[in-house]
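So the structure is just underneath, and the comments pick up after that.
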Amino acid sequence: MISYDLHIHSALSPCAQDEMTPNNIINMSLIKELDVIAVTDHNTMLQCRTCAKCAQDRIKFIYGVEIESKEGVHLLGYFQDDSSLDFMQKWLDDHRSKIPHRADYFGNQLLMNEQDEVIDTVDELLIVSCDASIDEISAVIHSAHGLCVIAHALDRASSMITQLGFIPFEFDYDAIEVHSNEQIEMILSSHPWLKNPVFFISSDAHQLIDISEPEHFIDEKVWEELWRKRL
Ligand SMILES: [Zn+2]
Ligand SMILES: [Zn+2]
């Protein structure tokens, strides 16, 4: 079984603490003895390569992103390596709403190097929606051989079930993120059309202390099968 936390925000997300540096995220994940982590900033993947370098081969690093659709739904995209990263970053830059960032109001958007030094800031606000539907976002993630996961499906203002009322029958996704086993039961009982979906329970950490303990696991075979389907 693989322990994981697949929803962690770096200091590049304005809502995350400045302490969420690449090395702090990796080192805290190592202290927690997690097997796999993903950094999932809002609508950008610019911090992923540095985090992957800091991870080296000490922990499995997944390149991630949390994309907001035009319906206001948060979807997570996961990628095994950086081969699709430039393609995805350009797609995000082309589709993100263009709103100037105000650090004093929204929080810092800090891009860091492997020494955790701030090398740049992003001038456009990252916590905005993209001009793409949930189906278009799912399609672009899958075209880049990534996994599309419904973020915090049942709660928060930006969840699919809050925004749409349910997970659409025809929506093409790979897993559903929830925050508890009770939420899994609630989703299964209200969505009889879901066929044995994979559920993730991740932290959505915006500060170091919130990164998961190694208490959520996925079977290695299920994990491999998820990726194999999108090759
Ligand atoms: Zn979210
Ligand atoms: Zn998040």
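Residue numbers (the numbering used here): 3 to 233. Cβ coordinates follow ideal geometry from the N, Cα and C atoms, glycine included.
- For M162, the enclosing alpha helix (DSSP H) covers residues M162 to L166.
- Nearest C-alpha to L149 among E35, D206 and V200: V200.
- For I178, the closest alpha carbon among the candidates H97, E73, A146 and S140 is that of S140.
- In the three-state reduction of the DSSP assignment, D122 falls in the strand class, which pools E and B.
- A Cβ-Cβ separation of about 6 Å places S160 in contact with G74 under the 8 Å criterion.
- The nearest non-hydrogen atom of ligand 1 is less than 8 Å from the C-beta of D206.
- For H44, the enclosing beta strand (DSSP E) has its first and last residue at V38 to H44.
- For H76, the enclosing beta strand (DSSP E) begins and ends at H76 to F81.
- Apart from the 5 residues on each side of it in sequence, F63 sits with its Cβ closer than 7 Å to the Cβ of I39, C53, A54 and A57 in its chain, given in chain order.
- A distance below 9 Å separates the beta carbons of M22 and H208.
- Below 8 Å, too few C-beta pairs join the segment 96 to 108 and the segment 167 to 176 to call them touching: fewer than three.
- The Cβ atoms of V151 and L78 sit closer than 9 Å to each other.
- With respect to T46, V124 sits close: the two C-beta atoms are nearer than 9 Å.
- With fewer than 16 other Cβ atoms from the protein chains shown falling within 10 Å of its own Cβ, M3 counts as exposed.
- In the DSSP assignment, E70 falls within the unbroken beta strand (DSSP E) covering K62 to E70.
- Spatial neighbours of S214 in its own chain (CB-CB distance under 6 Å, excluding positions within 5 residues in sequence) are listed in chain order as D7 and S205.
- Under the three-state reduction of DSSP, F89 is assigned to helix.
- For the options L210, I189, D212 and F202, the alpha carbon positioned closest to that of V224 is the one of F202.
- For E73, the distance from the CB to the nearest heavy atom of ligand 1 is not below 8 Å.
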